[in-house]
Each structure stands twice: as C-alpha cells, then as structure tokens.
Amino acid sequence: MVDAMVDRWDGVRATRDPVRCREQLMAAGRTLFAVYGYARTSVEDLCAAANVQPRDFYREFESREALLVDLYDEVAIGGMRAVEVELSAEGMETCSTEERFRRLFDAYVRVVTRDSRAARVAFVEVLGVSRAMDDHLTMWRSVWVEFLTREAERAAERGHGADGDLTVVVKVLTRSVDELLAHHGRRPRQVPCDWLTSELTRMSLAMMGPGVTPEASA
C-alpha cells in the first residue's frame, strides 16, 4: 500500500515538474531500449516505466525516436567532453604519439561505456532506425573525423605517420571505433574497457602508417 502511494506521488511530481518528468523518461528509455530493444518498446511502455502519462511524454519529446536521439547525444557529448578534459591534462603536450592516443581513447571509452545500458542504446539500438537517425550519426561522425584528423596531422608534423590527406584513413578509423563499441554494447562483460583502449590505440597507430609504432612514437 505504501509503495503504491509512493509510486502515485512520484507520478504526480513528474507531471508537475518537467525536469523530473524528462529525467524519468530518459531513465526509462535507457533501460527499456537496452533490455528489450528500441523496436520492441512503445511510448506506452516508456510511460508506464517512467510513471507518467502519454501527454507528459509528448510534452517532452516529439516521438520515441526523439528520445533515442537525446539518449545518443547524452553519451556522445559525455565522450567528447572527456576527451576535451584529457587534452588539457598534464603531460599531454609532451608525451609520445602512442601515449597521447592511448590517453585520449581511454578517457573516451571509460565515459561512453560507464553505463552498459546507455552504451548499448548509443552504439547498437540506434543502428538502422531511420534515415533521419542515420543522418544524425553521420553528423557526429563528421565531428570525430575533424578531431581525429587534427590529431593525425599533429602526429605527422612530429614525424609519425604518412604525409598527405589523412581524411580517408581517419574515416575508416572512426567507423572502426563505432564497430568496436557496438561489439562492447552487445557483450559488455566480454569486452572490457582496457581491451577497447588498447585495440583502438593499436589500430590508430597501424592506420597512421610507417613510423607510428610503440617503439617509434616517442
């Protein structure tokens, strides 16, 4: 009886407090999309899990896909901010190319995989949803391509890697990052963060070309 009253009160507060309502819907989406899949989760399911009414859902989100986009952005923005913080960390400007890549990937991986539900939603459930969702993912990839291209050019200036246009190499690397994180999203217990960081660092050095190796990237 007490639990039922608490649940009802939570629902009332969510309706009166838009911030709380949004938080509860985001939490519901994070869990249900990860456990049951985006395609198998309805607005009604989300509302029931968040203890809100459908009208409250549509006050916060235009559609189920809009909620998915926000959940993806939450992870993507968190990863980008983690990388930005690491860029200004002590020793980043003087460390080897290999160590710099490792630190940047480690910062990113640890944030985006911190919540296994959020990671599955961001790297698995978003795939093949719609043309609009694909365009949104492409926009984010372009942000990472720009960032990684700058890092590759920086390494080249220091004598590590091939000269010339590195855009194609970076685009392949970005896709590889997505694929490895999707692999983690499907099997989080089998794909630890340290392995992801090591593999992404290894691939980056290999794709950069001759001269960027664990022995030569000092």
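Residue numbers in the sequence shown follow numbering that gives the first Met the number 0, run continuously in steps of one, and reach 217 at the last position.
From the three backbone atoms N, C-alpha and C, an ideal C-beta is built for every residue, glycine too.
Apart from sequence neighbours up to five positions away, the residues of its chain that approach alanine 75 with a beta-carbon distance below 6 Å are Trp139, ordered along the chain.
Leucine 126 is classed as exposed because its beta carbon has fewer than 16 other beta carbons within 10 Å across all chains shown.
When the Cα atoms are used, phenylalanine 100 and arginine 201 turn out to be separated by approximately 9 Å. Within the same chain, Cβ atoms closer than 6 Å to the Cβ of aspartate 105 are found at Thr196, the five residues on either side in sequence being excluded. When DSSP states are grouped into helix, strand and coil, proline 53 belongs to the helix group. By the Cβ neighbour-count rule, tyrosine 35 is exposed, with fewer than 16 other Cβ atoms within 10 Å of its own. Using a Cβ distance threshold of 9 Å, tryptophan 194 and threonine 173 do not count as a contacting pair. Pairing cysteine 20 with aspartate 55 gives a Cβ-Cβ distance under 9 Å.
For serine 141, the secondary structure class from DSSP, reduced to helix, strand or coil, is helix.
Between leucine 66 and glycine 28, the beta carbon gap of about 5 Å places them in contact (Cβ cut-off 8 Å).
The C-alpha of glutamate 98 is placed about 48 Å away from the C-alpha of glutamate 43. Around aspartate 177, the same chain offers Phe122 as residues with beta carbons nearer than 7 Å, after the five sequence neighbours per side are excluded. Distance from the CA of leucine 136 to the CA of valine 51, rounded to the nearest whole angstrom, comes to 29 Å.
Taking a contact as a CB-CB distance under 8 Å, the pair threonine 30 and arginine 116 counts as one, their CB atoms being some 6 Å apart. When the beta-carbon positions are compared, tyrosine 37 and valine 120 come within less than 9 Å of each other. Per DSSP, arginine 21 is one residue of the alpha helix (DSSP H) stretching across 17–35.
Nearest in C-alpha terms to valine 168, of all of Met206, Arg185, Glu156, Val190, is Met206.
For leucine 180 against alanine 118, the beta-carbon gap comes to about 7 Å, under 8 Å, which counts as contact.
In the DSSP assignment, serine 197 falls within the unbroken alpha helix (DSSP H) covering 192–207. A direct Cα-Cα distance of roughly 11 Å separates cysteine 46 from methionine 25. Per DSSP, reduced to three states, the secondary structure at methionine 79 is helical. If you compare the alpha carbons of Gly184, Val18, Glu156 with that of threonine 96, the shortest gap goes to Glu156.
A Cβ-Cβ contact shorter than 9 Å links aspartate 69 with phenylalanine 60.
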